[in-house]
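Here's the structure we're looking at; comments come further down.
There are 2 protein chains.
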Amino acid sequence: MSAEGVGFAVEATDGPARAGRLRLPHGTVRTPAFIPVGTQGTVKGVSPAELEAVGAEMILANAYHLYLRPGHELIAGLGGLHRFTGWDRPILTDSGGYQVFSLARINEVTDDGVWFQSHIDGSRHFITPELVIEIEAALGADVVMALDECPPGRTDRQTAARAVERTQVWLERCLSSFEGRWGPDQLLLPVVQGGTYLDLRLESLERARELRAWSGYGIGGLSVGEPKEEMFAVLAGLEPALPRESVRYLMGVGYPTDLLQAVRLGYDIFDCVAPTRNGRNGTAFTSEGTVNVKVAAWRDDGRPIEPSCGCWACTNYTRAYIRHLFVASELLGLRALSIHNLYFLTDLTRQARSAIEESRFESWVSEWLRRYEASG
Amino acid sequence: MSAEGVGFAVEATDGPARAGRLRLPHGTVRTPAFIPVGTQGTVKGVSPAELEAVGAEMILANAYHLYLRPGHELIAGLGGLHRFTGWDRPILTDSGGYQVFSLARINEVTDDGVWFQSHIDGSRHFITPELVIEIEAALGADVVMALDECPPGRTDRQTAARAVERTQVWLERCLSSFEGRWGPDQLLLPVVQGGTYLDLRLESLERARELRAWSGYGIGGLSVGEPKEEMFAVLAGLEPALPRESVRYLMGVGYPTDLLQAVRLGYDIFDCVAPTRNGRNGTAFTSEGTVNVKVAAWRDDGRPIEPSCGCWACTNYTRAYIRHLFVASELLGLRALSIHNLYFLTDLTRQARSAIEESRFESWVSEWLRRYEASG
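These protein sequence lines are chains C and G, in that order. Counting from 1, position 309 in the first sequence corresponds to residue 309 in UniProt numbering; the numbering is continuous, with no gaps. Counting from 1, position 79 in the second sequence corresponds to residue 79 in UniProt numbering; the numbering is continuous, with no gaps.
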């Protein structure tokens, strides 16, 4: 990392767990970090000021969704995604690889790109590594993820190997397309694929590294249906091969226990729709596990969702009120609980960071997990 | 109005239009005033801090809804409605008369009270003037509306006359039940009924006045399906009989033009679900009329919803982004547009107030209405 440019630096370690700092054009992200998901250019129900208040230092947006609607050129014409959304801290854009393979109807996948039909209106599109870079550059993302092929969980070895191969071909083209853009503005990161096959993961990583030294690596295609043990086995096996000085972004993982287990294994950045999706569904994250807020015991409970929590919902509202809002189908309930859950996860990463800095991560995380899982 | 207690004072007039100040336990409401509707103890999608930011000085909650769910005793047990909802400015509670007659399945109406079935779960309830006062007292409302019988619009004379009679009987019982509670805490207001029959309206008002001098009068049973001209004819005819020194609350009326016409006729306070309901439906109030935010012209429009507006949505977002949020069914859209519409109406009453204070109300309102209606 240059003295003034974008890049990552590790500041403290405690076993494999790391505390670091990712410097980006729109600000610095302290790691471990949880990144709220704002797929369509908005974290569902939550405002930029509220995201800042929960302590989010970066959000994720999705190139696939924004390309389809409202269109990256439209956003670029209005000054880019930061200005469009009113979020002035860093933004990471996912390439849309995962979305193309999970949401759209795929017509044909070749090394050239993917023909697919929009999940919105069925319109036909051809997405290529070059187009993805064009989209993410137009959006003005701080972190640009390369296009990858993301096969489903429990995929067979041959499919996983083909995805690694294609992801590599696409990465090379993303890099060529991105060349000339390197500079203070945006950071391109590759995505490591390979399913649950450690040797394929290692190969995917190695081939990406042969192209250049990257500031970080996305680990994609996990938490997509495979058994948890297999995910953690891959993460544990891959970690020693990951460069110390690069940030490790575990894509799509963000339930509290998974996040902490991955921090324990040496991963730095996480995103997941869980806090907002659970928030809309009426499920609260608490230090003693998840709670359905409609539970009868909350009916006249005058305590906050989580008594020790410093979020807006816990500072202002009782469990009884939150429950009432959900029982009465009131929008403020979704919003309050989404904010609480986002705060819960960002605060969890802050606690993890402090524990790493103070060389007490293992005792802290064991105790935290014991308490969380005791009531599950 | 006593020097320190609750009550209303007119501060300026301009023709029949008035600027006043309603002093209440939780603060002062400057009139003309628009009161956002928070039926179930929350103004849909909007937080107390956002309500303060739009300039709302009082909100409305509904005794009927809160009695059914979560229960007034539960709310009282948690410290009252202000504490429950986190709104620390004045609250006016509607008695539920209108809701019982419009939402519930009525089983029997007598001078004793109303047997009805809950619109939520069909459970059977008997509501009386005494129960309504108990509910509103328990909620801790600043302004307590008396129970009234609210017949539908275009009701026949006999039905309207019977409703006036029953409303009077109930008012007497509300007053008896409220006696002893008079003091610095809560203000009880009667509701004038009588359909579109001016003589019945005058009779309803006169009979309420015979009971005592009230700090204000609710005008109920208008804007419930009758022709607009008939509503304004009743308001114009009733006005000279209303005491100068009392606040006039036109219940359930709050579309911009209706509100301004009523201010012009000498009415002071207004509530309506229009700003939030329209906000959720994607309809924006602007000084040039209402606009569907999904309109194609907004696709890449970089201007705020209303260029001169000072609300949170207009300060932060373009029409293109608001349109995108609605097209993509994103919650932030409902919220931003609800806030804009609430700001629009509260700002409208602030402008009306300034115009009255500066004796230029008639020219201001004519120009405003001309511009608003030109594009309708």
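Glycine included, C-beta positions come from ideal geometry on N, C-alpha and C. It should be emphasised that the depicted structure is a prediction, and the values quoted were computed from it without experimental measurement.
- When the beta-carbon positions are compared, Asp148 of chain G and Val191 of chain G come within less than 8 Å of each other.
- Using a Cβ distance threshold of 8 Å, Leu171 of chain C and Ala138 of chain C do not count as a contacting pair.
- If you check each beta-carbon in the segment 305-330 of chain C against every beta-carbon of chain G, the ones closer than 7 Å belong to Asn316, Tyr317, Thr318, Ala320, Tyr321, His324, Leu325, Val327, Ala328 and Glu330.
- In this structure, the straight-line span from the alpha carbon of Asp121 of chain C to that of Glu226 of chain C is close to 30 Å.
- Contact annotation for Phe84 of chain C against chain G: Tyr317, Thr318, Ala320, Tyr321 and His324 [CB-CB distance below 9 Å, chain order].
- Collapsing the DSSP output to three states places Asp347 of chain C in a helix.
- Taking CB atoms only, Gly77 of chain G has a neighbour in chain C less than 8 Å away.
- Taking the Cα of Asp94 of chain G as reference, the smallest distance to any Cα among G:Gln351, G:Trp312, G:Gly252 and G:Tyr317 is reached at G:Gly252.
- Nearest CB-CB separation between Asp271 of chain G and chain C: not below the 8 Å threshold.
- In the three-state scheme derived from DSSP, where H, G and I count as helix and E and B as strand, Trp364 of chain G is classed as helix.
- For Ser47 of chain C, the nearest beta carbon of chain G is closer than 8 Å to its own beta carbon.
- With a threshold of 8 Å between beta carbons, Asp94 of chain G makes no contact with chain C.
- Contact check for Lys44 of chain G against Leu331 of chain C passes: the beta carbons are separated by less than 8 Å.
- Residues of the segment 173-195 of chain C whose Cβ lies closer than 8 Å to any Cβ of chain G: none.
- Counting only residues of its own chain and dropping the five nearest sequence neighbours on each side, Val37 of chain G has a CB closer than 6 Å to the CB of Leu60, Asp271 and Val273.
- Using a 10 angstroms sphere on the CB of Asp156 of chain C, the tally of other CB atoms stays under 16, which defines it as exposed.
- When Cβ-Cβ separations below 8 Å define contact, Leu332 of chain C makes contact with chain G.
- Taking one beta carbon from each stretch, the segment 286-294 of chain C and the segment 103-118 of chain C have fewer than 3 pairs nearer than 8 Å; the two do not touch.
- DSSP places Glu226 of chain C outside any alpha helix (DSSP H), giving it a letter other than H or E.
- Partner residues in the beta bridge of His125 of chain G, as assigned by DSSP, are G:Phe116.
- Comparing alpha-carbon positions, the option among G:Glu362, G:Arg370 and G:His324 lying closest to Gly71 of chain C turns out to be G:His324.
- Around the CB of Leu265 of chain C, 16 or more other CB atoms lie within 10 Å, so the residue is classed as buried.
- Trp312 of chain C and Glu134 of chain C do not touch by the CB rule: their CB atoms are close to 38 Å apart, not below 8 Å.
- Look at Gly279 of chain G: its C-beta is not under 8 Å from any C-beta on chain C.
- For Thr167 of chain G, the enclosing alpha helix (DSSP H) has its first and last residue at Arg157 to Phe178.
- Chain-order list of chain G residues neighbouring Gln40 of chain C: Ala328 and Glu330, by C-beta distance under 7 Å.
- In this structure, Arg18 of chain G and Ile356 of chain G form a Cβ contact; the two beta carbons are roughly 7 Å apart against a cut-off of 8 Å.
- The beta-carbon of Leu74 of chain G is placed less than 8 Å from the nearest beta-carbon of chain C.
- Within the same chain, and ignoring the five residues on either side of Glu373 of chain C in sequence, the residues whose Cβ sits closer than 8 Å to its Cβ are Thr257 and Gly289.
- For a Cβ distance threshold of 9 Å, residue set Arg299, Asp300, Ala320, Tyr321, Arg323, His324, Val327 and Ala328 of chain G lies close to Pro70 of chain C, ordered along the chain.
- Contact with chain G is absent for Lys294 of chain C, since none of that chain's Cβ atoms lies less than 8 Å from the residue's Cβ.
- The beta carbons of Arg30 of chain G and Arg23 of chain G sit no closer together than 8 Å.
- Between the beta-carbon of Thr286 of chain G and that of Leu342 of chain G there is about 14 Å, and that puts the pair past the 8 Å contact cut.
- Note on geometry: alpha-carbon atoms of Ala213 of chain C and Gly279 of chain G lie some 50 Å from one another.
- Going by DSSP, Tyr217 of chain C is part of the beta strand (DSSP E) stretching over Gly216 to Ile219.
- Close to Lys44 of chain G, with beta-carbon spacing below 9 Å, are these residues of chain C in chain order: Glu330, Leu331 and Leu332.
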